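Colleague:
Shown next, in the form of structure tokens:
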């Protein structure tokens, strides 16, 4: 699947010349690919175990190191509280990211409708597709299709933000600046293209003038 001619993901995967086919064998490789396509400000999305994920995330937000026993207790509490919902969020996130990486755009649009944090997801899709276009695509028709797809997700994010901005200005600001744990603690501001940032900044200045 990855090695088909029209799949740009294979161009991102680093491997030695001895391997005829490129594959993603490890979690570290997948995290590295996402860092390459999105940016190194994105923390790892994938871990070997749920306990490892809890330990690492707790260590970055807490000065006290979490031991294995505490991690297991936290995992149990999570299962009792909202493990089912978290699992759904992870499943839709992973399916969405995979469809974008594989350039299955129509499927990605369907996945997006079922996701949590759709604005951030759409902006990440925009970022990945534009990186594909600028750094890995060789043919003009491929670049054009990637631009069209990236523009769709970019416009989706803009329309969602502008609607939120009209209904609740403070909430829209929070959405832009909030770190999204589901996507490696990135913010919408970090992953949004320059065109989106300019548009949002212009809207903010316009509202400030009206309020003054």
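Residue numbers (the numbering used here): 12 to 223.
We put the CB at the ideal spot given by N, CA and C, even for glycine.
Note that the structure is a prediction, hence the values are computed from the model and not measured.
Count the other CB atoms, across all protein chains shown, that sit within 10 Å of the CB of residue 167; report buried if there are 16 or more and exposed otherwise.
Modeller: So residue 167 ends up on the buried side.
Colleague: Look at the alpha carbon of residue 126 and the alpha carbon of residue 95, and state the distance between them as a whole number of angstroms.
Modeller: About 14 angstroms.
Colleague: Buried or exposed: which applies to residue 190, given that a residue is buried once 16 or more other Cβ atoms fall within 10 Å of its Cβ?
Modeller: Classification for residue 190: exposed.
Colleague: Quick check on this structure: which residue in 21, 181 and 175 has the alpha carbon closest to the alpha carbon of residue 45?
Modeller: Considering only alpha carbons, the answer is 21.
Colleague: How long is the line joining the alpha carbons of residue 52 and residue 61, rounded to whole angstroms?
Modeller: Taking the straight line from one Cα to the other gives about 22 angstroms.
Colleague: Report the rounded CA-to-CA distance for residue 140 versus residue 179, giving the unit in angstroms.
Modeller: For residue 140 and residue 179, the distance between alpha carbons rounds to 30 angstroms.
Colleague: So, using beta-carbon positions, are residue 115 and residue 19 closer together than 7 angstroms?
Modeller: For residue 115 and residue 19, no; Cβs fall outside 7 angstroms.
Colleague: If you drop the 5 nearest sequence neighbours on each side, which residues of the same chain put their C-beta closer than 7 angstroms to that of residue 135?
Modeller: The answer, listed in chain order, is 49, 194 and 202.
Colleague: For the ligand MG, is there any heavy atom lying closer than 6 angstroms to the beta carbon of residue 123?
Modeller: No copy of the ligand MG occurs in the structure displayed, which carries no ligand at all.
Colleague: Excluding sequence positions up to five away, which residues of its chain have a Cβ less than 6 angstroms from the Cβ of residue 198?
Modeller: These residues qualify, in order along the chain: 188 and 190.
Colleague: To the nearest angstrom, report how far apart residue 82 and residue 37 are at their CA atoms.
Modeller: Because the pLDDT at residue 82 is just 48, under 50, the model does not fix this residue reliably, and the value given afterwards should be weighed accordingly. Cα to Cα, the separation comes out at about 23 angstroms.
Colleague: Which partner residues does residue 197 have in the DSSP bridge list?
Modeller: In DSSP, residue 197 forms a bridge with 191.
Colleague: Select from 12, 17 and 13 the residue whose C-alpha is nearest the C-alpha of residue 156.
Modeller: Per the Cα distances, 17.
Colleague: Give me the Cα-Cα distance between residue 174 and residue 200, rounded to the nearest whole angstrom.
Modeller: Taking the straight line joining both Cα atoms gives about 17 angstroms.
Colleague: DSSP three-state label for residue 125, please.
Modeller: DSSP places residue 125 in coil when its eight states are reduced to three.
Colleague: Kindly indicate which residue of 164, 55 and 97 has the alpha-carbon position closest to the one of residue 130.
Modeller: Closest by alpha carbon: 164.
Colleague: In three-state DSSP terms, what is residue 149?
Modeller: Reduced to three states, the DSSP call for residue 149 is coil.
Colleague: Helix, strand or coil: which one does DSSP assign to residue 97?
Modeller: Here residue 97 sits in helix by DSSP.
Colleague: With 16 other CB atoms within 10 Å as the buried threshold, where does residue 110 fall?
Modeller: The residue in question, residue 110, is buried, as its Cβ has 16 or more Cβ neighbours within 10 Å.
Colleague: Determine, using beta carbons only, whether residue 57 and residue 42 come nearer to each other than 7 angstroms.
Modeller: Taking 7 angstroms as the Cβ cut-off, residue 57 and residue 42 qualify as a contacting pair.
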